[in-house]
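>
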Amino acid sequence: MPRKATHHRRNRAHPGTGRPPRRHPAGGGYARGERTRRKIIEAAIDMFGSLGYERTSTRAIARRAAVSLPALQYYFGGKEGLHLACAEYITADVRARLAPAAARVSASLSDPDLSRPALLGLLEMVLEPFLESMATERPESWVLFFTRAQIERSAAFDVLFERVAGAITRLSAEIVARILGRPPGDPETVIRALTVVGQMALIRRGRPILLRALKWPNFSGKRLQILKDALWKQIEAGLGAG
0 MPRKATHHRR
10 NRAHPGTGRP
20 PRRHPAGGGY
30 ARGERTRRKI
40 IEAAIDMFGS
50 LGYERTSTRA
60 IARRAAVSLP
70 ALQYYFGGKE
80 GLHLACAEYI
90 TADVRARLAP
100 AAARVSASLS
110 DPDLSRPALL
120 GLLEMVLEPF
130 LESMATERPE
140 SWVLFFTRAQ
150 IERSAAFDVL
160 FERVAGAITR
170 LSAEIVARIL
180 GRPPGDPETV
190 IRALTVVGQM
200 ALIRRGRPIL
210 LRALKWPNFS
220 GKRLQILKDA
230 LWKQIEAGLG
240 AG
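Letter by letter, the sequence shown follows residues 0 to 241 of numbering that gives the first Met the number 0.
Take a look at the structure:
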């Protein structure tokens, strides 16, 4: 006698993960599920940045985010998956800010006859969104997360470098090479490009000291423009000789 067909289906794992595909939480819908996921990630960025990967537990993150541990495991599988998701969350935000300017600069660099002022303008176009983000908007926990991931040499750092830091550095090195008349892959070119990019990152690390020394409440409006002008004068002077 033939067996009756049933409507029961097995959950199929995502290829390469061994975990069932993520479903939308019952009763909450997609928006509620994404809010929960974001809440976990933001709590995790704060804790990974403060304590480091090894000292942070998923149970503590779940408690900080006010969700159950099974909910965290449902979205991310475990600590490693959550750590990578934090890196992807940060890079998605930063790339959304940088990508339009980077695309315009890449297109402009196809012109082989750009003048030094034009090249400096392109370098400023690449780095200005990054500087604004570092000076005004992004949480301190993001900087701490990046620093910890770098020290720990984790897979999260690979994501952060390839999608943000490495991409900015490569484009900046191409412009700096044109300014200095050197090959883009030349070690001195890369070092000098990293020095320029590093000044943007140092603004975020030194933000409390800068604001206190300047007796400013924040970097916004005219104060942000003063910061930009001072930095670009320093960058232009540093690229004055090949």
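C-beta atoms are modelled at their ideal positions from N, C-alpha and C, and glycine is treated no differently.
#1: Taking C-alpha atoms, which residue in Ala43, Glu173, Gly77 and Ala148 lies nearest to valine 196?
#2: I need the straight-line Cα distance from glutamate 187 to tyrosine 88, nearest angstrom please.
#3: Report the three-state DSSP secondary structure of glycine 220 (helix, strand or coil).
#4: Buried or exposed for aspartate 112, please, with buried defined as at least 16 other CB atoms from any protein chain shown within 10 angstroms of its CB.
#5: Please state whether DSSP places proline 186 in a helix, a strand or coil.
#6: Please state whether DSSP places tryptophan 215 in a helix, a strand or coil.
#7: What residue does the alpha helix (DSSP H) around glutamate 123 start on, and which one ends it?
#8: With distances taken from CA atoms, which of Phe145, Leu193 and Gly239 is nearest arginine 204?
#9: Report the option in Ala192, Gln149 and Leu83 whose CA atom is closest to the CA atom of alanine 166.
#10: From the DSSP output, in three-state form, read off glutamate 257 for me.
#11: My guess is that glutamate 235 and leucine 119 are in contact by the Cβ rule of under 8 Å, so how many angstroms apart are they, rounded?
#12: Consult DSSP for arginine 152 and reduce its assignment to one of helix, strand or coil.
#13: Tell me the DSSP secondary structure of leucine 179 in three-state form.
#14: Less than 8 Å between the CB atoms is what I'm expecting for leucine 68 and alanine 155, so what's the real figure, rounded?
#15: Buried or exposed: leucine 97, going by 16 or more other Cβ atoms within 10 Å of its Cβ?
#16: Out of Ser171, Lys221, Ala212 and Pro216, which one is the CA nearest neighbour of methionine 199?
#17: Quick check: isoleucine 39 and alanine 64, are their CB atoms within less than 8 Å of each other?
#18: CA-CA distance, valine 92 and serine 114?
#19: Helix, strand or coil for valine 196, going by three-state DSSP, please let me know.
#20: Can you grab the Cα-Cα spacing for the pair glycine 237 / leucine 50, in whole Å?
Answer, in terms of the structure:
#1: Considering only alpha carbons, the answer is Glu173.
#2: Approximately 32 Å between the Cα atoms of the pair.
#3: Looking at glycine 220 - three-state DSSP - the assignment turns out to be coil, as it is neither helix nor strand.
#4: Exposed.
#5: Three-state result, proline 186: helix.
#6: In this structure, tryptophan 215 counts as coil in the three-state DSSP scheme.
#7: 115-131 is the extent of the alpha helix (DSSP H) around glutamate 123.
#8: The shortest Cα separation from arginine 204 among Phe145, Leu193 and Gly239 belongs to Phe145.
#9: Closest in alpha carbon position to alanine 166, among Ala192, Gln149 and Leu83, is Ala192.
#10: Examination of residue 257 is not possible in this model, given that the chain is present from 0 through 241 alone.
#11: For glutamate 235 against leucine 119, the beta-carbon gap comes to about 6 Å, under 8 Å, which counts as contact.
#12: Residue state, collapsed to three classes: coil.
#13: Taken through DSSP and simplified to helix, strand or coil, leucine 179 comes out as helix.
#14: That pair is no contact at about 21 Å.
#15: Answer is buried; the Cβ neighbour count reaches 16.
#16: Considering only alpha carbons, the answer is Ser171.
#17: Yes, the Cβ-Cβ distance between isoleucine 39 and alanine 64 is below 8 Å.
#18: It should be noted that the sequence gives aspartate, not valine, for residue 92. Rounded to the nearest whole angstrom, the CA to CA distance from aspartate 92 to serine 114 is 32 Å.
#19: Residue state, collapsed to three classes: helix.
#20: Roughly 37 Å between the two C-alpha positions.
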